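Everything in the sequence shown is counted per this note's numbering, starting at 4 for the first residue and increasing by one. Idealized CB from N, CA, C, for every residue including glycine. Remember, it's a predicted structure, so these values are computed and weren't measured experimentally. Structure first, then comments.
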Amino acid sequence: MEKKPFVTEAQIQNILPDVPTPFHIYDEKGIRENARRINQAFSWNKGFKEYFAVKALPNPSILEILREEGCGVDCSSLTELMLSEAVGFEGSEIMFSSNQTPSEDMKKAYDLGAYINLDDATMVGFLERVAGVPETVFCRYNPGGTFSLGQSKEGFQVMDKPGDAKYGMTEAQMVESFKQLKAKGAKNFGIHAFLASNTLSDDYYPELAGILFQLAVRVSQAAGVHIGYINLSGGVGIPYRPDQRENDIMAIGEGVRKKFEEILVPAGMGDVSIFTELGRFMTGPYGALVTTAIHEKHIYKEYIGLDACAANLMRPAMYGAYHHITVLGKEDAPCDHVYDVVGGLCENNDKFAIDRALPKIDIGDLVYIHDTGAHGSAMGYNYNGKLRSAEVLLCEDGSHRLIRRAETPHDYFATLDFTPFFKQMFPGDFEEK
Ligand SMILES: *Cc1c(COP(=O)(O)O)cnc(C)c1O
4 MEKKPFVTEA QIQNILPDVP TPFHIYDEKG IRENARRINQ AFSWNKGFKE
54 YFAVKALPNP SILEILREEG CGVDCSSLTE LMLSEAVGFE GSEIMFSSNQ
104 TPSEDMKKAY DLGAYINLDD ATMVGFLERV AGVPETVFCR YNPGGTFSLG
154 QSKEGFQVMD KPGDAKYGMT EAQMVESFKQ LKAKGAKNFG IHAFLASNTL
204 SDDYYPELAG ILFQLAVRVS QAAGVHIGYI NLSGGVGIPY RPDQRENDIM
254 AIGEGVRKKF EEILVPAGMG DVSIFTELGR FMTGPYGALV TTAIHEKHIY
304 KEYIGLDACA ANLMRPAMYG AYHHITVLGK EDAPCDHVYD VVGGLCENND
354 KFAIDRALPK IDIGDLVYIH DTGAHGSAMG YNYNGKLRSA EVLLCEDGSH
404 RLIRRAETPH DYFATLDFTP FFKQMFPGDF EEK
């Protein structure tokens, strides 16, 4: 599949006087249309709700768009809860799927009336001590071992190792937890699992659904509770590479429906609500990092230096992840040059692309890095004193809006204590009056 930017060079030229590069830009239209497709794909399920994983793109303007499209939020920390509260999410519109949870965070989730998802059996007592036992509560499952779908249609191997993952609890622990929670007053129960990340297969959700539906039938009998919610969590992937195939969310929704009819309906559990906590699939393709080529260098390889670095997009440095690159205005030029496209961190893994065939890049060219709408800006950091970039929303009507300004040196220094240095520099200011 050919990967095309969702903005033109002319549109970016329009933004530059207001917001210099580097910045992340998000496509409101793309985000809305995709959210509608997901809701459509699961419309067969009466209680369906997508809880957007806030960690993927924690910006209130984006959360507001998703709220308007009927989505909830999935939070895992105090500040994600606070951000969601500020946007107006409350009660059952919030899932709280955290682990190693501080008591302050747990208390906040309880006070907001969020659906709390317990990562471990020891969290039952913890929840009761620090907050209280709510009417509705979830437990997170870890089946252990290896999860594999074998070969998917496009030859991509889907495999992950839940047995090595820190999340979730065993089936026996889940049964015991539900029994205890029921004894402490909980009335409605849900189960949750996240077994594989960035899956490029329409079979992942249906396969996971099959596992969780059967688990729900067994656990509800063993614990004597009614399970009303099954949360398939995140993990549906996006095609970062041009040769990868896009997931078909309609086929995914239909695959989950088949398992629902096969397993839950005959067990008398046809009233179960299906939840999802997608992050990457919701916003990943609808974001891009817009940068400028500021240097070129010819040594043993050809380098193009950008005004952005791994502090603005960590995935290539951290995971060796592929992000497609388009040189704006040169969309149709032949890719007859091979470059390492790099940022300025004093770390040799600060490379957005290695040995990438691209059109000839000139200094000042706008370099567009695809698919940064999830786990992009959000993973930003300040190593080397690099400042976080701005975030711009490309609105449905073609206008643009700055939804996060770039950090300034003032922001970077704000948490430091300069008092002892000021005392030395301006002793008069510190004399007893
Ligand atoms: C990260 C995360 C998600 C979202 O994952 P994606 O791969 O972005 O879909 C959902 N739920 C939980 C608990 C997570 O930690």
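Asked	Found
When the distance is taken between beta carbons, is L281 closer than 8 angstroms to E31?	no
Can you tell me whether E394 is helix, strand or coil according to DSSP?	strand
For V220, which option in L267, V344, L419 has the closest C-alpha, if you only look at C-alpha atoms?	L267
Quick one, are the C-beta atoms of I277 and V293 less than 8 angstroms apart?	no
Exposed or buried, what is D368 when buried is set at 16 or more other beta-carbons lying within 10 Å of its beta-carbon?	buried
Please classify D77 as buried or exposed, where buried requires at least 16 other C-beta atoms within 10 Å of its C-beta.	buried
At what residues does the alpha helix (DSSP H) containing L218 begin and finish?	207-226
Looking at the structure shown, is A254 part of a helix, part of a strand, or coil, going by DSSP?	helix
Pick helix, strand or coil for S276, following the three-state DSSP scheme.	strand
If you measure from the CB of N201, is any heavy atom of ligand 1 nearer than 7 angstroms?	yes
Taking 7 angstroms as the line, does the beta carbon of D77 fall inside it for any heavy atom of ligand 1?	yes
Whole angstroms is fine: what's the gap from A189's alpha carbon to R143's?	16 angstroms
Within the continuous beta strand (DSSP E) that includes S100, where are the two ends?	97-100
Count the other C-beta atoms from every protein chain shown that fall within 10 angstroms of the C-beta of Y303, then say buried if there are 16 or more, exposed otherwise.	exposed
Rounded to whole angstroms, what's the CA-CA distance from V341 to E174? Just pull it up for me.	51 angstroms
Nearest to G376 by alpha carbon, out of Y386, V395, G388, G116?	V395
Cβ of K460 versus every heavy atom of ligand 1: is any distance shorter than 7 angstroms?	Outside the displayed span of the chain (4 to 436) sits residue 460, for which this structure offers no information.
Suppose you measure from the CA of V57 to the CA of P423; what does that come to, to the nearest Å?	39 angstroms
So, at 6 angstroms on beta carbons, what are the nonlocal neighbours of I307 in its own chain, with the 5 sequence-adjacent residues on each side left out?	A296, E299, Y342, V344, I364
Please list, in chain order, all residues of the same chain as R391 whose beta carbon is under 6 angstroms from its beta carbon, the five residues on each side excluded.	G383, E410
Answer with yes or no whether the minimum CB distance from I255 to chain B is below 8 angstroms.	Of the protein chains in the structure, only one exists, and it is not chain B.
What residue from F51, G33, M85 has the CA that sits closest to I68's CA?	G33
Measuring CB to CB, does G3 end up less than 8 angstroms from I241?	The structure shown has nothing for residue 3, since the chain only spans 4 to 436.
Less than 7 angstroms separating the Cβ of F380 from some heavy atom of ligand 1?	Correcting the residue identity first, residue 380 is Ser in this sequence and not Phe. No, since every heavy atom of ligand 1 falls outside the 7 angstroms radius drawn around the Cβ of S380.
Enumerate in chain order the residues of its own chain whose CB-to-CB distance from V178 is below 6 angstroms, with the five nearest sequence positions on each side excluded.	V222, A225, A226
Alpha carbon to alpha carbon, how far is F216 from G231?	11 angstroms
If you reduce the DSSP assignment to three classes, tell me which class L69 lands in.	helix
Just list the residues that DSSP pairs C78 with in beta bridges.	F99
Could you please give me the residues that DSSP links to Y306 through a beta bridge?	K300, D343
Does the region 190-198 come into contact with the region 130-139, if we say contact requires no fewer than three beta-carbon pairs (one atom in each stretch) closer than 8 angstroms?	yes
Checking 8 angstroms against the spacing of the C-beta atoms, do P63 and L86 come in under that value?	yes
Which of helix, strand or coil does DSSP assign to A112?	helix
Under the rule that 16 or more other beta-carbon atoms within 10 Å means buried, what is S106, buried or exposed?	exposed
Of all the beta strand (DSSP E) runs that stay within the bounds of the region 135-192, which reach a length of 3 or more residues?	139-143, 150-154, 160-163
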